(Lines of atoms letter the chains of each structure in order from A and count residues from 1; the text may use other names and numbers.)
(Lines give C-alpha, C1' and ligand atoms only; values in the text may rest on other atoms or scores of the structure.)
Protein backbone atom coordinates (compact mmCIF):
# COMPACT_ATOMS: atom_id res chain seq x y z
CA UNK A 1 0.00 0.00 0.00
CA UNK A 2 1.43 3.36 -1.00
CA UNK A 3 1.73 6.19 1.46
CA UNK A 4 -1.06 8.09 -0.29
CA UNK A 5 -3.40 5.10 0.01
CA UNK A 6 -2.45 4.68 3.66
CA UNK A 7 -3.13 8.36 4.36
CA UNK A 8 -6.52 8.16 2.61
CA UNK A 9 -7.44 5.05 4.61
CA UNK A 10 -6.37 6.68 7.88
CA UNK A 11 -8.26 9.84 6.98
CA UNK A 12 -11.49 7.86 6.49
CA UNK A 13 -10.89 6.04 9.78
CA UNK A 14 -10.35 9.35 11.60
CA UNK A 15 -13.57 10.71 10.12
CA UNK A 16 -15.49 7.64 11.28
CA UNK A 17 -13.99 7.95 14.77
CA UNK A 18 -14.64 11.70 14.84
CA UNK A 19 -10.98 12.28 15.69
CA UNK A 20 -10.58 15.86 14.48
CA UNK A 21 -6.93 16.24 15.48
CA UNK A 22 -5.77 13.13 13.63
CA UNK A 23 -7.98 14.01 10.69
CA UNK A 24 -6.43 17.48 10.38
CA UNK A 25 -2.86 16.19 10.55
CA UNK A 26 -3.50 13.35 8.09
CA UNK A 27 -5.17 15.81 5.69
CA UNK A 28 -2.10 18.06 5.85
CA UNK A 29 0.21 15.11 5.23
CA UNK A 30 -1.90 13.90 2.31
CA UNK A 31 -1.92 17.40 0.83
CA UNK A 32 1.87 17.61 1.17
CA UNK A 33 2.29 14.29 -0.67
CA UNK A 34 -0.15 15.30 -3.40
CA UNK A 35 1.52 18.70 -3.83
CA UNK A 36 4.90 17.00 -4.20
CA UNK A 37 3.41 14.65 -6.81
CA UNK A 38 2.03 17.58 -8.77
CA UNK A 39 5.30 19.48 -8.51
CA UNK A 40 7.37 16.49 -9.72
CA UNK A 41 4.79 15.37 -12.27
CA UNK A 42 4.84 11.67 -11.33
CA UNK A 43 3.89 9.23 -8.59
CA UNK A 44 6.35 9.45 -5.72
CA UNK A 45 8.94 6.77 -5.08
CA UNK A 46 9.36 5.43 -1.57
CA UNK A 47 12.40 7.68 -1.02
CA UNK A 48 10.46 10.73 -2.21
CA UNK A 49 7.60 9.87 0.14
CA UNK A 50 10.07 9.53 3.01
CA UNK A 51 11.54 12.93 2.12
CA UNK A 52 8.10 14.56 2.25
CA UNK A 53 7.32 12.95 5.62
CA UNK A 54 10.74 13.95 6.98
CA UNK A 55 10.10 17.54 5.92
CA UNK A 56 6.69 17.55 7.63
CA UNK A 57 8.19 15.98 10.76
CA UNK A 58 11.00 18.54 10.84
CA UNK A 59 8.54 21.45 10.53
CA UNK A 60 6.54 20.22 13.49
CA UNK A 61 9.65 19.52 15.54
CA UNK A 62 10.92 23.06 14.94
CA UNK A 63 7.52 24.45 15.87
CA UNK A 64 7.59 22.44 19.10
CA UNK A 65 11.02 23.85 19.96
CA UNK A 66 9.79 27.40 19.37
CA UNK A 67 6.68 26.83 21.49
CA UNK A 68 8.83 25.44 24.30
CA UNK A 69 11.09 28.51 24.18
CA UNK A 70 8.11 30.81 24.55
CA UNK A 71 6.34 28.63 27.13
CA UNK A 72 3.13 28.12 25.14
CA UNK A 73 1.78 25.02 26.90
CA UNK A 74 -1.38 24.86 24.78
CA UNK A 75 0.61 24.77 21.56
CA UNK A 76 3.29 22.46 22.99
CA UNK A 77 0.73 19.70 23.61
CA UNK A 78 -0.79 20.14 20.16
CA UNK A 79 2.65 20.00 18.49
CA UNK A 80 3.59 16.85 20.44
CA UNK A 81 0.37 15.16 19.35
CA UNK A 82 1.00 16.14 15.72
CA UNK A 83 4.56 14.80 15.94
CA UNK A 84 3.25 11.48 17.23
CA UNK A 85 0.86 11.19 14.29
CA UNK A 86 3.53 12.06 11.71
CA UNK A 87 5.93 9.53 13.29
CA UNK A 88 3.52 6.73 12.32
CA UNK A 89 4.37 7.38 8.66
CA UNK A 90 8.12 7.73 9.15
CA UNK A 91 10.63 4.91 8.96
CA UNK A 92 12.09 3.78 12.28
CA UNK A 93 14.49 6.45 13.50
CA UNK A 94 18.13 5.53 14.02
CA UNK A 95 19.66 5.95 17.45
CA UNK A 96 22.68 8.19 17.94
CA UNK A 97 24.88 5.07 18.24
CA UNK A 98 23.60 3.75 14.90
CA UNK A 99 24.25 7.13 13.26
CA UNK A 100 27.76 7.15 14.76
CA UNK A 101 28.49 3.72 13.23
CA UNK A 102 27.38 4.93 9.79
CA UNK A 103 29.42 8.14 10.13
CA UNK A 104 32.55 6.22 11.17
CA UNK A 105 32.14 3.90 8.21
CA UNK A 106 31.82 6.83 5.78
CA UNK A 107 34.82 8.60 7.33
CA UNK A 108 36.88 5.42 6.82
CA UNK A 109 35.64 5.03 3.24
CA UNK A 110 36.52 8.63 2.39
CA UNK A 111 39.73 8.69 4.45
CA UNK A 112 38.44 11.90 6.01
CA UNK A 113 40.67 13.23 8.74
CA UNK A 114 39.68 16.79 9.57
CA UNK A 115 36.85 19.31 9.56
CA UNK A 116 37.92 20.22 6.00
CA UNK A 117 36.16 17.03 4.93
CA UNK A 118 32.92 17.92 6.75
CA UNK A 119 30.87 18.67 3.62
CA UNK A 120 32.13 15.57 1.86
CA UNK A 121 31.22 13.33 4.82
CA UNK A 122 27.78 14.94 5.28
CA UNK A 123 27.11 14.54 1.55
CA UNK A 124 27.85 10.82 1.78
CA UNK A 125 26.02 10.17 5.08
CA UNK A 126 22.72 11.96 4.46
CA UNK A 127 21.52 9.72 1.59
CA UNK A 128 22.24 6.65 3.74
CA UNK A 129 20.14 7.89 6.66
CA UNK A 130 17.46 9.65 4.61
CA UNK A 131 14.33 10.01 6.71
CA UNK A 132 15.80 7.83 9.44
CA UNK A 133 17.83 10.45 11.30
CA UNK A 134 17.51 14.15 11.98
CA UNK A 135 20.05 16.26 10.10
CA UNK A 136 21.01 18.03 13.34
CA UNK A 137 21.98 14.72 14.94
CA UNK A 138 24.00 13.68 11.89
CA UNK A 139 25.70 17.09 11.81
CA UNK A 140 26.63 16.80 15.48
CA UNK A 141 27.98 13.24 15.13
CA UNK A 142 30.04 14.14 12.04
CA UNK A 143 31.58 17.11 13.87
CA UNK A 144 32.36 14.91 16.91
CA UNK A 145 34.01 12.24 14.80
CA UNK A 146 36.04 14.61 12.62
CA UNK A 147 37.34 16.59 15.57
CA UNK A 148 38.82 13.50 17.28
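Residue numbers (this note's numbering): 17 to 164.
The C-beta atom is built at its ideal place from N, Cα and C for all residues, glycine as well.
This one's a predicted model, so the numbers in the text were calculated from it and none came from an experiment.
query                                                                                                                                         : result
Going by Cα to Cα distance, which pick from 131, 56, 19 is closest to residue 42?                                                             : 19
Using the Cα positions of residue 78 and residue 96, report the straight-line distance between them to the nearest angstrom.                  : 11 Å
Under DSSP, the alpha helix (DSSP H) around residue 59 begins and ends at which residues?                                                     : Taken as a continuous stretch (DSSP letters only), residue 59 belongs to no alpha helix (DSSP H), as it is neither H nor E.
Just the C-alpha distance for residue 60 and residue 107, rounded to the nearest angstrom, thanks.                                            : 16 Å
Where does the unbroken alpha helix (DSSP H) through residue 117 begin, and where does it stop?                                               : 112-126
For my contact list, residue 119 and residue 102 are in at a C-beta cut-off of 8 Å; report their separation, rounded to the angstrom.         : Rounded, the Cβ-Cβ distance is 25 Å, inconsistent with contact.
With a floor of 4 residues, list each alpha helix (DSSP H) that falls wholly inside the stretch 127-151, ordered by position along the chain. : 134-144
By the DSSP assignment, the alpha helix (DSSP H) with residue 33 in it spans what residues?                                                   : First-last for residue 33: undefined, no H or E at that position.
Can you tell me whether residue 27 is helix, strand or coil according to DSSP?                                                                : helix
Could you check the C-alpha separation between residue 113 and residue 105 for me, to the nearest Å?                                          : 23 Å
Counting C-beta neighbours from all protein chains within 10 Å, is the total for residue 123 16 or more, i.e. buried, or is it exposed?       : buried
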